[in-house]
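Colleague: I have a structure I would like to understand better, so I am pasting it below and will then ask my questions one at a time.
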Amino acid sequence: MVVGLAVGAVVLIVGGVFGKLYLDYSDEPGGGPGEQPVAQCELSAELRAQARVSSFRLIQAPHESAKGLKQSHCAWEQTKGKDGRDPRTLSFLVYDFSKFSDKQDRNLEQAKSNYSGFTGYAAGQQAKPVQGVGDEAIIVIPSSPADLTEVNLLARKGAVVWNIRYSGRDKGFFSDSEFPIEDAEAVVRKTAEELTKR
41 MVVGLAVGAV VLIVGGVFGK LYLDYSDEPG GGPGEQPVAQ CELSAELRAQ ARVSSFRLIQ
101 APHESAKGLK QSHCAWEQTK GKDGRDPRTL SFLVYDFSKF SDKQDRNLEQ AKSNYSGFTG
161 YAAGQQAKPV QGVGDEAIIV IPSSPADLTE VNLLARKGAV VWNIRYSGRD KGFFSDSEFP
221 IEDAEAVVRK TAEELTKR
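The working numbering numbers the first residue of the sequence shown as 41 and each following residue consecutively.
Below you can see the structure in the form of structure tokens.
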């Protein structure tokens, strides 16, 4: 009788552990469909599908004054039940210096300085220049935990600078793992191409 109870308890515990693992594995991340994106944050449906993100959230809107730096922070996240079970996030900051002052050459210099400041933090990280995107661009692959893929792309076109970040992981039954870095690079590059062609 005691042995039967002990075996039953072990079966219940093991069943509970595997049940929790299965629920975590099969649970899809994300929330509702999000907000309507503002113009500087809009991405094509094709890119959103590739990145597996469809829920927009404006983290920071640009100020309404005529002069000064106009900064936006755009985030594309997942919609529960639509974008799959592997978590992904695509976000980007837009630094628009085009109306920073009345002097266009000063605005351009501010953007170049801002871009240089961002690329300076890439020292010690895996970084490589990107051809054909804006006036200058660089991909940075920061050191990240083993179960996470993260890629950043910094781009400048004229007096506008973009700092793009795509990250996520593939869910596993026992543990999560990173997804192919090439997939993340393709997403940030396509994002930069769309944003810099406006």
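For each residue, glycine too, the CB sits at the ideal point set by N, CA and C.
Could you round the C-beta distance between residue 205 and residue 217 to whole angstroms and report it? I think they count as a contact, below 8 angstroms.
Modeller: Translated into positions along the sequence shown, residue 205 becomes position 165. Translated into positions along the sequence shown, residue 217 becomes position 177. Contact flag wrong, Cβ pair sits at about 20 angstroms.
Colleague: Could you say which of 109, 139, 140, 94 lies nearest to residue 123 if we only look at CA atoms?
Modeller: Along the sequence shown, read from residue 1 onward, the residue named residue 123 stands at position 83. Among 109, 139, 140, 94, the Cα nearest to that of residue 123 is on 94.
Colleague: Between the C-alpha atoms of residue 211 and residue 188, what's the straight-line distance to the nearest angstrom?
Modeller: As a first step, residue 211 must be located in the sequence shown, where it is residue number 171. As a first step, residue 188 must be located in the sequence shown, where it is residue number 148. Their Cα atoms are separated by approximately 10 angstroms.
Colleague: In angstroms, rounded to a whole number, what distance separates the CA positions of residue 158 and residue 170?
Modeller: The sequence position of residue 158 within the sequence shown is 118, counting from 1. The sequence position of residue 170 within the sequence shown is 130, counting from 1. The straight-line gap from Cα to Cα measures roughly 15 angstroms.
Colleague: Can you give me the start and stop residues for the alpha helix (DSSP H) that residue 88 sits inside?
Modeller: Here residue 88 refers to the residue found at position 48 when the sequence shown is read from its first residue. Looking at the DSSP string, the run of the alpha helix (DSSP H) that includes residue 88 is 85 to 91.
Colleague: Out of 109, 127, 88, point me to the one whose CA is closest to residue 133's CA.
Modeller: As a position in the sequence shown, residue 133 is number 93, starting the count at 1. Nearest of 109, 127, 88 to residue 133, Cα basis: 109.
Colleague: Candidates 114, 160, 118, 146: which alpha carbon is nearest residue 97's?
Modeller: Reading the sequence shown from its first residue, position 57 is the one you call residue 97. Among 114, 160, 118, 146, the Cα nearest to that of residue 97 belongs to 114.
Colleague: Determine the extent of the beta strand (DSSP E) in which residue 168 is found, giving its start and end residues.
Modeller: Translated into positions along the sequence shown, residue 168 becomes position 128. For residue 168, the enclosing beta strand (DSSP E) stretches over residues 166 to 169.
Colleague: By alpha-carbon positions, which one of 86, 181, 137 ends up nearest to residue 103?
Modeller: Indexing the sequence shown from 1 puts residue 103 at position 63. The shortest C-alpha separation from residue 103 is found at 137.
Colleague: Determine the contact status of residue 196 and residue 162, defining contact as a CB-CB distance below 8 angstroms.
Modeller: The count along the sequence shown starts at 1 and reaches residue 196 at position 156. The count along the sequence shown starts at 1 and reaches residue 162 at position 122. Contact flag unset, no.
Colleague: In the structure shown, what three-state DSSP assignment does residue 52 receive?
Modeller: Along the sequence shown, read from residue 1 onward, the residue named residue 52 stands at position 12. The predicted model places residue 52 with a pLDDT of 48, which falls under 50 and marks its position as unreliable; any figure quoted below should be read in that light. It is helical.
Colleague: In terms of DSSP beta bridges, what is residue 201 paired with?
Modeller: Taking the first residue of the sequence shown as 1, we reach residue 201 at position 161. Residue 201 pairs with 135, 196.
Colleague: Can you have a look at residue 73 and say buried or exposed, based on whether 16 or more other CB atoms are within 10 angstroms of its CB?
Modeller: Taking the first residue of the sequence shown as 1, we reach residue 73 at position 33. So residue 73 counts as exposed.
Colleague: Give every residue of the same chain whose Cβ lies closer than 7 angstroms to the Cβ of residue 100, excluding the five residues on either side of it in the sequence, and list them in chain order.
Modeller: As a working mapping, residue 100 is identified with position 60 in the sequence shown. Counting only Cβ-Cβ distances below 7 angstroms, and skipping sequence neighbours, we find 111, 112, 113.
Colleague: Between the beta-carbon of residue 179 and the beta-carbon of residue 193, is there less than 8 angstroms?
Modeller: Within the sequence shown, residue 179 is the residue found at index 139, counting from 1. Within the sequence shown, residue 193 is the residue found at index 153, counting from 1. Result yes, Cβ atoms of residue 179 and residue 193 sit closer than 8 angstroms.
Colleague: Looking at the structure shown, is residue 112 part of a helix, part of a strand, or coil, going by DSSP?
Modeller: What you label residue 112 is simply residue 72 of the sequence shown in a count that begins at 1. Three-state result, residue 112: strand.
Colleague: So, are the CB atoms of residue 139 and residue 107 less than 8 angstroms apart?
Modeller: Indexing the sequence shown from 1 puts residue 139 at position 99. Indexing the sequence shown from 1 puts residue 107 at position 67. The answer is yes: Cβ separation under 8 angstroms.
Colleague: If contacts are defined as beta-carbon pairs under 8 angstroms, then residue 232 and residue 191 qualify, I think. What distance do you get, rounded to the angstrom?
Modeller: Numbered from its first residue, the sequence shown carries residue 232 at position 192. Numbered from its first residue, the sequence shown carries residue 191 at position 151. Actually they are not in contact, since the Cβ atoms of residue 232 and residue 191 sit about 11 angstroms apart, beyond 8 angstroms.
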